[in-house]
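Student: One structure, pasted below without further comment.
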Amino acid sequence: KNEVEQSPQNLTAQEGEFITINCSYSVGISALHWLQQHPGGGIVSLFMLSSGKKKHGRLIATINIQEKHSSLHITASHPRDSAVYICAVSRGAQKLVFGQGTRLTINP
Amino acid sequence: NAGVTQTPKFQVLKTGQSMTLQCAQDMNHNSMYWYRQDPGMGLRLIYYSASEGTTDKGEVPNGYNVSRLNKREFSLRLESAAPSQTSVYFCASRVLQGNEKLFFGSGTQLSVL
Chain A
359 KNEVEQSPQN
369 LTAQEGEFIT
379 INCSYSVGIS
389 ALHWLQQHPG
399 GGIVSLFMLS
409 SGKKKHGRLI
419 ATINIQEKHS
429 SLHITASHPR
439 DSAVYICAVS
449 RGAQKLVFGQ
459 GTRLTINP
Chain B
784 NAGVTQTPKF
794 QVLKTGQSMT
804 LQCAQDMNHN
814 SMYWYRQDPG
824 MGLRLIYYSA
834 SEGTTDKGEV
844 PNGYNVSRLN
854 KREFSLRLES
864 AAPSQTSVYF
874 CASRVLQGNE
884 KLFFGSGTQL
894 SVL
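Protein chains in written order, with my numbering: chain A, 359 to 466; chain B, 784 to 896.
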């Protein structure tokens, strides 16, 4: 079993829908990152969370440390949100463990 | 302020050829990383460097060498390329103090024929 599991692996939705991507982890962490990768593109950091909730524009990220679970929400989704979203957890100073990614497609 | 600069963006090699992927960051970060990304596998750590002059193996170090000669630059070398090294490679740096944040280079798409 992977240390970091994301669900769903693939998600297709219509423009305007509310999107939720989940990340569960099985080990103690110091921080959790949500990353975005557009097709053929580089990887951009969206959020770093160690507790609670963060919001940036239409994106909201939450983490529940006790349940070892994080969610990334996108409100009023748009085709430009189509990308792969990757969850990564920090375990100590050097180790980062990545989820497999969730491929999101938003249709107009 | 360019962040993480990675070159080249694309490379095609023949089996047995060598090449070096270059990575530089201008954010004064101590930690730098090399990852490879393969379909269905996610990002896998090849090597990392906690500080200038130190390097350590990650999950998939075989066939690679790295060099961290100064704080800015962390290069990845393939001495004798193999088809199994066909992948997309990403360099990254991380700040650990305070508000931890990850920064990635734009990636190198490498094909080994």
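From the three backbone atoms N, C-alpha and C, an ideal C-beta is built for every residue, glycine too. Being a predicted model, the structure only gives us computed values, none of them experimental.
Using a C-beta to C-beta distance shorter than 7 angstroms, which residues of chain A count as neighbours of E883 of chain B?
Tutor: Along the second sequence, one-based indexing puts residue 883 of chain B at 100. Here the neighbours are A389, M406 and S448.
Student: Name the DSSP bridge partner or partners of V849 of chain B?
Tutor: Numbered from 1 along the second sequence, position 66 holds the residue referred to as residue 849 of chain B. Note: V849 of chain B sits in a beta bridge opposite B:L859.
Student: Is G457 of chain A buried or exposed, if buried means 16 or more other CB atoms sit within 10 Å of its CB?
Tutor: Here residue 457 of chain A refers to the residue found at position 99 when the first sequence is read from its first residue. With 16 or more Cβ atoms within 10 Å of its Cβ, G457 of chain A is classed as buried.
Student: When DSSP labels each residue in this structure, what does R438 of chain A get in the three-state scheme?
Tutor: As a first step, residue 438 of chain A is located in the first sequence; it is residue number 80 there, counting from the start. R438 of chain A: helix per DSSP, three-state reduction.
Student: Can you check DSSP and say which residues form a bridge with Q789 of chain B?
Tutor: By 1-based counting over the second sequence, the position of residue 789 of chain B is 6. The partner list for Q789 of chain B (beta bridge, DSSP) reads B:C806.
Student: Report back the beta-carbon spacing between F873 of chain B and Y818 of chain B to the nearest angstrom; my notes put them in contact at under 8 angstroms.
Tutor: Working through the second sequence from its first residue, we reach residue 873 of chain B at position 90. Working through the second sequence from its first residue, we reach residue 818 of chain B at position 35. Yes, they are in contact, since the Cβ atoms of F873 of chain B and Y818 of chain B sit about 5 angstroms apart, within 8 angstroms.
Student: Spell out the partners DSSP gives L879 of chain B in its beta bridges.
Tutor: By 1-based counting over the second sequence, the position of residue 879 of chain B is 96. Looking at the DSSP assignment, L879 of chain B forms no beta bridge with any residue, so it has no partner.
Student: I want to see whether chain A comes within less than 8 angstroms of Y847 of chain B, judged by CB atoms only; does it?
Tutor: Working through the second sequence from its first residue, we reach residue 847 of chain B at position 64. No, no contact with chain A.
Student: Just the C-alpha distance for R416 of chain A and I387 of chain A, rounded to the nearest angstrom, thanks.
Tutor: Start at 1 with the first residue of the first sequence, and residue 416 of chain A comes out as number 58. Start at 1 with the first residue of the first sequence, and residue 387 of chain A comes out as number 29. Distance between the alpha carbons of R416 of chain A and I387 of chain A: 26 angstroms.
Student: Give me the Cα-Cα distance between P866 of chain B and S894 of chain B, rounded to the nearest whole angstrom.
Tutor: Indexing the second sequence from 1 puts residue 866 of chain B at position 83. Indexing the second sequence from 1 puts residue 894 of chain B at position 111. Taking the straight line from one Cα to the other gives about 7 angstroms.
Student: Considering M406 of chain A, what are the terminal residues of the beta strand (DSSP E) in which it resides?
Tutor: Translated into positions along the first sequence, residue 406 of chain A becomes position 48. Segment I401 to L407, the beta strand (DSSP E) holding M406 of chain A.
Student: How is Q868 of chain B classed by DSSP in three states: helix, strand or coil?
Tutor: In the second sequence, the residue the question calls residue 868 of chain B occupies position 85. Note: Q868 of chain B maps to helix in three-state DSSP.
Student: Grouping DSSP H, G and I as helix and E and B as strand, with all else coil, what is L896 of chain B?
Tutor: Indexing the second sequence from 1 puts residue 896 of chain B at position 113. In the structure shown, L896 of chain B sits in coil (DSSP, three-state: anything other than H, G, I, E or B).
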